[in-house]
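A.B. asks: Residue numbers (this note's numbering), protein chains in the order written: chain A, 1 to 425; chain B, 1001 to 1425; chain C, 2001 to 2425; chain D, 3001 to 3425.
Number of protein chains: 4
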Amino acid sequence: MPLTALKRLVSGVLPLPNTWQEICRDLLRLKDDATVLRLAVELLERYEGFDDAERLAFFEHLLREFRVDHDALAAAIAAYQAEPGPMQVQTLNLASQPNRRRLFELLNMVPGGMAMLLDMRATLIRLQRQHPELGAVSSDLAELFRNWFNRGILDLKRIDWNTPAFLLEKLIRYEAVHEIGGWPDLKQRLSAGKRCYAFFHPVMPDEPLIFVQVALAGGLASNIRDIIGADALPADEAGADTAIFYSISNCQTGLVGIALGDLLIKQVANLITAEAPHITRFATLSPIPGFGRWLSSEPNPAPERIDDASLRSLRNVLALPDWWQSSQAKDMRATLEGLCAYYLTSQGSNEQPLDPVARFHLRNGARLERINWLGDTSEKGLLQSHGMLVNYVYDLDHVSAYHERFVYHHEVTTSTAIQQSLKRF
Amino acid sequence: MPLTALKRLVSGVLPLPNTWQEICRDLLRLKDDATVLRLAVELLERYEGFDDAERLAFFEHLLREFRVDHDALAAAIAAYQAEPGPMQVQTLNLASQPNRRRLFELLNMVPGGMAMLLDMRATLIRLQRQHPELGAVSSDLAELFRNWFNRGILDLKRIDWNTPAFLLEKLIRYEAVHEIGGWPDLKQRLSAGKRCYAFFHPVMPDEPLIFVQVALAGGLASNIRDIIGADALPADEAGADTAIFYSISNCQTGLVGIALGDLLIKQVANLITAEAPHITRFATLSPIPGFGRWLSSEPNPAPERIDDASLRSLRNVLALPDWWQSSQAKDMRATLEGLCAYYLTSQGSNEQPLDPVARFHLRNGARLERINWLGDTSEKGLLQSHGMLVNYVYDLDHVSAYHERFVYHHEVTTSTAIQQSLKRF
Amino acid sequence: MPLTALKRLVSGVLPLPNTWQEICRDLLRLKDDATVLRLAVELLERYEGFDDAERLAFFEHLLREFRVDHDALAAAIAAYQAEPGPMQVQTLNLASQPNRRRLFELLNMVPGGMAMLLDMRATLIRLQRQHPELGAVSSDLAELFRNWFNRGILDLKRIDWNTPAFLLEKLIRYEAVHEIGGWPDLKQRLSAGKRCYAFFHPVMPDEPLIFVQVALAGGLASNIRDIIGADALPADEAGADTAIFYSISNCQTGLVGIALGDLLIKQVANLITAEAPHITRFATLSPIPGFGRWLSSEPNPAPERIDDASLRSLRNVLALPDWWQSSQAKDMRATLEGLCAYYLTSQGSNEQPLDPVARFHLRNGARLERINWLGDTSEKGLLQSHGMLVNYVYDLDHVSAYHERFVYHHEVTTSTAIQQSLKRF
Amino acid sequence: MPLTALKRLVSGVLPLPNTWQEICRDLLRLKDDATVLRLAVELLERYEGFDDAERLAFFEHLLREFRVDHDALAAAIAAYQAEPGPMQVQTLNLASQPNRRRLFELLNMVPGGMAMLLDMRATLIRLQRQHPELGAVSSDLAELFRNWFNRGILDLKRIDWNTPAFLLEKLIRYEAVHEIGGWPDLKQRLSAGKRCYAFFHPVMPDEPLIFVQVALAGGLASNIRDIIGADALPADEAGADTAIFYSISNCQTGLVGIALGDLLIKQVANLITAEAPHITRFATLSPIPGFGRWLSSEPNPAPERIDDASLRSLRNVLALPDWWQSSQAKDMRATLEGLCAYYLTSQGSNEQPLDPVARFHLRNGARLERINWLGDTSEKGLLQSHGMLVNYVYDLDHVSAYHERFVYHHEVTTSTAIQQSLKRF
């Protein structure tokens, strides 16, 4: 229902407050649901018309005026300290909830409200760079989203060539890993031997939250050109034994920090198992987005067994145009792969892998399986990952154990091949 | 998806913990989404097999073991007191959230989990009578439900003779005001001149949460037999000007305390306005469920202008079988109506109307309009309300003002006729 | 789309003809599709208001005025006789098609037109008794229906407790074999261990054409009370090996003569095989509607080996109230069963079985399997079939051969037991 | 349901005939519906594998072996001549129906059969060029299609950006008037201010039969570039008063001769009226596909008032590259427009307009309104129509009268402007 139609549905003769500040105030003060809904609609409409300065003012207002009631909170603390029972805890919990959170909940009553709240958080994340204090408001929204985008309520839907065009168009826009070069490219990715799945929220059925693209293949894929684009291998569904997750893209900036990818991968894996029992292996073909930058700066932590001169000469080759087609490329392959393995298994000061994609998959319980030399020689692939792609394997029988090992012991599980490669450094 | 199917989808080879206590512990300890989901499914399956004693043990376990971490909470309090900034408030808020709430959230990830959590709360409400300490667990669930059953996510759907039979069968079961005497009775309530609407949650599309039954009429209806049953008046949709909300029933015990009725009435009113602009008045035809008991006990607060003798003789008549068909009935009508008006507008020590139905409608901003003598002479109607029904009018242009007057000033808005009736006492 | 809405859609300013005779004429004369549609709508609206006398006049008009053009037909015959080529045949075929058939086709353009044409044929079938000449008009409709209700266009849909109530209500009305005694009875017939399927036409999705009711059972069912009603056996889907077709009902009088039952039974059998491979046998539990009448009149053809005295004494017992509970019942069982087998396998002068239900199943290729003594002791069952029911077995591997044997050689396939029983006569 | 799945559903143990000729024979001989269906599936499967020579043999077989029974037909003729009553007519009609028609009806029982029959007719139309005798078989199919694709059964559906991609892709393929240059072009044609509607048959919901593209505009559009392509005018739905039907395309070769376009245009006009009452005029922007060829050959009928020299010089200019941008273009505009009007209103020996598009719209009751100089300067537009487009106006209040005038009196209705233009010749 568009906002205007809804407004008519809840309209009355009472005049609305003049300022958005008054609307915010009345939203919390009044308890008549229909009036509250009407105010919420009005506030969202006004917000839609705000420019960036007004949005900033709006969020600052929420930060300062719609915080907790400090007196009430102090009283709740005192009561809790006097008797730390469950009811006192509950009172304390309620008292420590900023009023803006309730305000956001009321805005979510409006059809279309959830999409606007996602948009608000995306704006907050942008404004936060200049106004770090807004992090508290952003966190409040994140806390609500964590609840609202609970897996229990999400729909996992297959996307294919039967999907409405407007939705497919969004895939083209949201694809973050390997750009979709138009409708023919998209069609190829939705044709035989391919799968695409996305999570949706029931109140926003037109908006994918996150989607994953899968190719069924015989064995581990090593090159993205075998999967997508004009030169892709012909599909052989019946002969395939491996599902390659070659792209996973978040669609909603407002959901940053709300983890949906782990479950998406594993549930899609299980769906594929059910539909095609001959698929017995699940793996990714992933970029190494931080490798290029890491290697060009002073690697930290630095690999011990490579000297500065070797490193410099390596960099010189990599700086050549089309180096990967040059004669030197072959010579440096082992070194570059070793460095890549080193990078992927190294951890920063926070005891986390340096590479964001590695962080994601390893945390999910995947095993670092294989580095694929020149697996992606697109401009982006060369720039980010020096042309390399990596396979992470999701061994459904072991993901849980690997995950625990990673989370509680900071151990990265790798294949024997990777371990060999690592011995160089 | 049935639990067993899901279980297969998330299954792995890792052995599951032996006891439900261990499952509860691991649910919070492990972070691999697929494992967590698998544990949640397992826990729900075990719970399904629990008898009452085991359920009690389960909830007591949640109460005692899945509470807040008091040390962490003390630290959060200290940090807040040292610097009461928004981030400190947030930490305090998180620290004061009992662990069982997170556990419930994880159970909600399971398809079908929400229905089972509703069922858990219904059980808690029952067990609470003997075990009041469980109120804290019940409150935690209520807090989550308030969020999950946000109006923004609910679907308002019309129910009619095109609705699947299994759903209609539930209406028969859930109807709480005027019992539905079988399928022919149900069909009459869904035929021309009638409307029925319900709220649904998208993850439980087969379960109505609350539903309202409406009859379109010429003028305010005064007798329930004009609306339902074998002697009901023939429908005249085109000639109608009033929508009579003659029954509103909550379907889910687990949602006690989560207010959905106010918005249901008002949104249905607006839907009817949009569909049938000739309907210009919205009113209820409601029981007065507490009147009978109030009058038979010592009325408190007591009406001043009626003496004990009159009251006693009134009660004597009311004790006669079929008193309402007797000759004395007519004589005592004015007195009984006056007492009823007095009862409906009286407030208890909590400054709330004594009658639960009055409390609901007046709080919503309705006006107490008319008392209908012998409007419901069914056995239940005579027992509860001495045969009387009352109309509350929802004047959409004024509900907000009336609501405020009621909530903030404890004033009940009444019609001139009711005011006249009240003058007797 | 209701007729009135459609009328608006195709309306223009041109005045419509005054009489329905003129509308009929213009329908064939004009070629502008929109005008034709408008006239068709108008004609159907007028027809809807006709009483029986007007309907008769309408059909007589179609018979006499909308026949073939005899001159054109004579010319086509001459041309064909001069040169009997395919184009001459085609011209002859078109010339021998009465104009009323084209008129009916035009009426079918109107949404809702098909339902009204069905209704017209039902009326024709009724009027035909007094006005046999209308058989030609009825045949024209039947010819069109044979084409329109082609299996290729029909939808085979399962009906269960999820089906909209209005549709279920129609089952109650249309059930022709074992009356459905209300909603609880209906629910029992749609619950576990039962199946119900119907054919629908896509332009009349709210109208079942024919439906069949099936019970899954262990072995051949012998008594209808084991299947339906308050004393039915509990369902054991997993343990069942036989699907019992216990009721098949045509819903549309207008479709008399358009055979849909054969395919319905066989396709449902195949659906059940696909869904429940443990079901390996398909059989009916059928009434013998003509047996009672046959036995009480002079049986023709007469069984040879029973003398008049025996027959007379048999009839005397059958005339007793509750004879089936009497002591004599047991004595006459073998005789009565033998007579029943004799009746079921006897053929009339048209070389067809005497019993209509036998005719249907045997023609479909079923085998006459077993006579069930006192399988239906309802009032109707006693009256029609002297309490007996019969199983016809659909052996999918042999139906085609049995069918051919029956159609081309007038041979009835029976079980050994039936053959034994027949030896008596 | 794919053919193979269906085959399983109707399979039995009986061996199938060896040759397709035997299958054809048995299809008509056997009467057991399930067997018939199985044979039909088998025949379609074999046909699918036929090459052109086999298809030709198949159709010739149908022509020669599945014709009428000439003896039976002679008998029916004799009976009719003896007594020309309705029943004799009916027998004659049935006897004059070639057996292949029944065979086609049986093939239509198979899911997917209708699509294959359409394909058969498309093949027949192609083969007919070399084998004109197949026209009789093609006519039989056409006769059946006329019945099956009755307007009463077709669905009129809007197509927009919410439509599944696979269906939109078909629009790109089927568009016959102004080629769709890819997905962005398609999207522009489905965006604000545009409409697209198609007829579908319920058993082939994935296959559009015919579709029309409409642009809402202020006034009569004169140039196709204002409507489609990169330079199209921005949409102004609210300000529009005219619906321009700028493209209408048949999708199914097999439906040649089955007129669907007339009703499509008029029903879409009425749908638009209902949805957007401010649209009060309906017109086309149409090509004149035969004009170029007509002018370059010896025009017949020849315009009287233009001499050969003028005509020759005109042709010389038109032969210049980019003549329309030359200085001479302006000088010859009036002459060329006049000739175009002359061409559009001229009739051939069959008393039909020479131009196929004119024939279609004028027969529908449209008025020839305006010739648009350089309305389509695409390559195709210059070649076919010397760059001109024409508006036909559908005046819903007069289409019926214009249609009658055209059909019964061969009169073309034109605007005053066209009449002026015609005076030149």
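All C-beta atoms in this analysis are idealised placements derived from N, C-alpha and C, irrespective of residue type, glycine included.
Classify VAL3013 of chain D as buried or exposed, calling it buried when 16 or more other Cβ atoms lie within 10 Å of its own Cβ.
C.D. replies: Legend: pLDDT at VAL3013 of chain D = 45, less than 50; position of this residue unreliable, no value from coordinates given.
A.B. asks: Between the C-alpha atoms of ALA2215 of chain C and ARG2158 of chain C, what's the straight-line distance to the nearest angstrom?
C.D. replies: 14 Å
A.B. asks: In terms of residue numbering, what span does the alpha helix (DSSP H) encompassing LYS2266 of chain C cover?
C.D. replies: 2261-2275
A.B. asks: So within the region 43-92 of chain A, which uninterrupted alpha helix (DSSP H) runs reach at least 4 residues, ignoring any that extend past its ends?
C.D. replies: 52-65, 70-82
A.B. asks: Under 7 Å Cβ to Cβ from GLY2292 of chain C, same chain only, skipping five residues before and after it: list those, please.
C.D. replies: LEU2383, GLN2384, SER2385, HIS2386
A.B. asks: Quick check on DSSP: helix, strand or coil for ILE2159 of chain C?
C.D. replies: Three-state result, ILE2159 of chain C: coil.
A.B. asks: Is GLN1090 of chain B close to chain A? Criterion is C-beta to C-beta, closer than 8 Å.
C.D. replies: yes
A.B. asks: Pick out whichever of A:ARG25, A:HIS201, A:LEU264, A:ALA95 has its Cα sitting closest to the Cα of LEU106 of chain A.
C.D. replies: A:ARG25
A.B. asks: Under 8 Å between C-beta atoms, does VAL399 of chain A make it to chain B?
C.D. replies: Yes, its Cβ sits closer than 8 Å to a Cβ of chain B.
A.B. asks: Listing by chain order, which chain B residues have their CB less than 9 Å from the CB of THR2280 of chain C?
C.D. replies: None at all; the shortest Cβ gap to chain B is about 27 Å.
A.B. asks: What does PHE3211 of chain D reach in chain A if we use C-beta pairs closer than 7 Å?
C.D. replies: What PHE3211 of chain D touches in chain A: nothing, since even the nearest Cβ is about 15 Å away.
A.B. asks: Any idea what DSSP makes of TYR2343 of chain C, helix, strand or coil?
C.D. replies: TYR2343 of chain C falls in the helix class under three-state DSSP.
A.B. asks: With 16 as the cutoff for other CB atoms within 10 Å, does ASN3093 of chain D come out buried or exposed?
C.D. replies: buried
A.B. asks: Any beta-carbon of chain D closer than 8 Å to the one on LEU2368 of chain C?
C.D. replies: no
A.B. asks: At a Cβ cut of 9 Å, what residues of the region 338-360 of chain A count as close to chain B, listed as they run along the chain?
C.D. replies: none
A.B. asks: Give every residue of the same chain whose Cβ lies closer than 7 Å to the Cβ of LEU1044 of chain B, excluding the five residues on either side of it in the sequence, and list them in chain order.
C.D. replies: LEU1003, LEU1107, VAL1110, GLY1113, MET1116
A.B. asks: How close, in whole Å, do the beta carbons of ASN1372 of chain B and LEU1389 of chain B come, if the pair is a contact with beta carbons under 8 Å?
C.D. replies: Rounded, the Cβ-Cβ distance is 5 Å, consistent with contact.
A.B. asks: Helix, strand or coil, according to DSSP, for SER2313 of chain C in the structure here?
C.D. replies: helix
A.B. asks: Is the shortest distance between the beta-carbon of ASP1033 of chain B and the beta-carbons of chain A less than 8 Å?
C.D. replies: yes
A.B. asks: Are LEU368 of chain A and VAL412 of chain A close, meaning C-beta to C-beta below 8 Å?
C.D. replies: yes
A.B. asks: Quick check: is any heavy atom of the ligand FMN less than 7 Å from the C-beta of LEU3311 of chain D?
C.D. replies: Annotation note on the ligand FMN: not contained in the displayed structure, which lists no ligands.
A.B. asks: For GLU977 of chain B, I'd like the list of residues in its chain whose CB is within less than 7 Å of its CB, leaving aside the five on either flank, ordered along the chain.
C.D. replies: Not covered by the structure: residue 977 of chain B. The range shown for chain B is 1001 to 1425.
A.B. asks: Taking the CB atoms as reference points, tell me whether PRO164 of chain A and ASN3162 of chain D lie closer together than 8 Å.
C.D. replies: yes
A.B. asks: If we call anything under 8 Å between Cβ atoms a contact, is PHE59 of chain A one with LEU118 of chain A?
C.D. replies: no
A.B. asks: With 8 Å set as the bound, which would you pick, yes or no: does the beta-carbon of THR4 of chain A sit closer than that to a beta-carbon of chain B?
C.D. replies: Interpretation of THR4 of chain A is limited by its pLDDT of 48, a score under 50 that renders its predicted location unreliable; the figure taken from the coordinates is listed afterwards. Not closer than 8 Å to any Cβ of chain B, the Cβ of THR4 of chain A fails to qualify, so no.
A.B. asks: Can you have a look at ASN3316 of chain D and say buried or exposed, based on whether 16 or more other CB atoms are within 10 angstroms of its CB?
C.D. replies: exposed
A.B. asks: Looking at the structure shown, is TYR2394 of chain C part of a helix, part of a strand, or coil, going by DSSP?
C.D. replies: coil
A.B. asks: For a cutoff of 8 Å on Cβ pairs, would you count LYS2266 of chain C as touching chain D?
C.D. replies: Contact of LYS2266 of chain C with chain D is assigned, a C-beta pair being separated by under 8 Å.
A.B. asks: What did DSSP end up calling TYR408 of chain A once you bin it into helix, strand or coil?
C.D. replies: helix
A.B. asks: Please return the same chain residues whose Cβ sits closer than 7 Å to the Cβ of ILE77 of chain A, not counting the five positions on each side in sequence.
C.D. replies: LEU92
A.B. asks: Are the CB atoms of LEU1271 of chain B and HIS1201 of chain B nearer to each other than 8 Å?
C.D. replies: no
A.B. asks: By the 9 Å beta-carbon criterion, what residues does the region 1146-1170 of chain B contribute toward chain C?
C.D. replies: ASP1160, TRP1161, ASN1162, THR1163, PRO1164, ALA1165, PHE1166, LEU1167, LEU1168, GLU1169
A.B. asks: Pick out whichever of B:HIS1403, B:LEU1103, B:GLN1420, B:HIS1409 has its Cα sitting closest to the Cα of ALA34 of chain A.
C.D. replies: B:HIS1403
A.B. asks: When the Cα atoms are used, what is the spatial distance from GLN3419 of chain D to ARG3370 of chain D?
C.D. replies: Between the C-alpha atoms of GLN3419 of chain D and ARG3370 of chain D there is a straight-line separation of about 10 Å.
A.B. asks: The alpha helix (DSSP H) with VAL1137 of chain B in it runs from where to where?
C.D. replies: 1135-1148
A.B. asks: Between the alpha carbons of GLU237 of chain A and SER191 of chain A, how many angstroms are there, rounded?
C.D. replies: 11 Å
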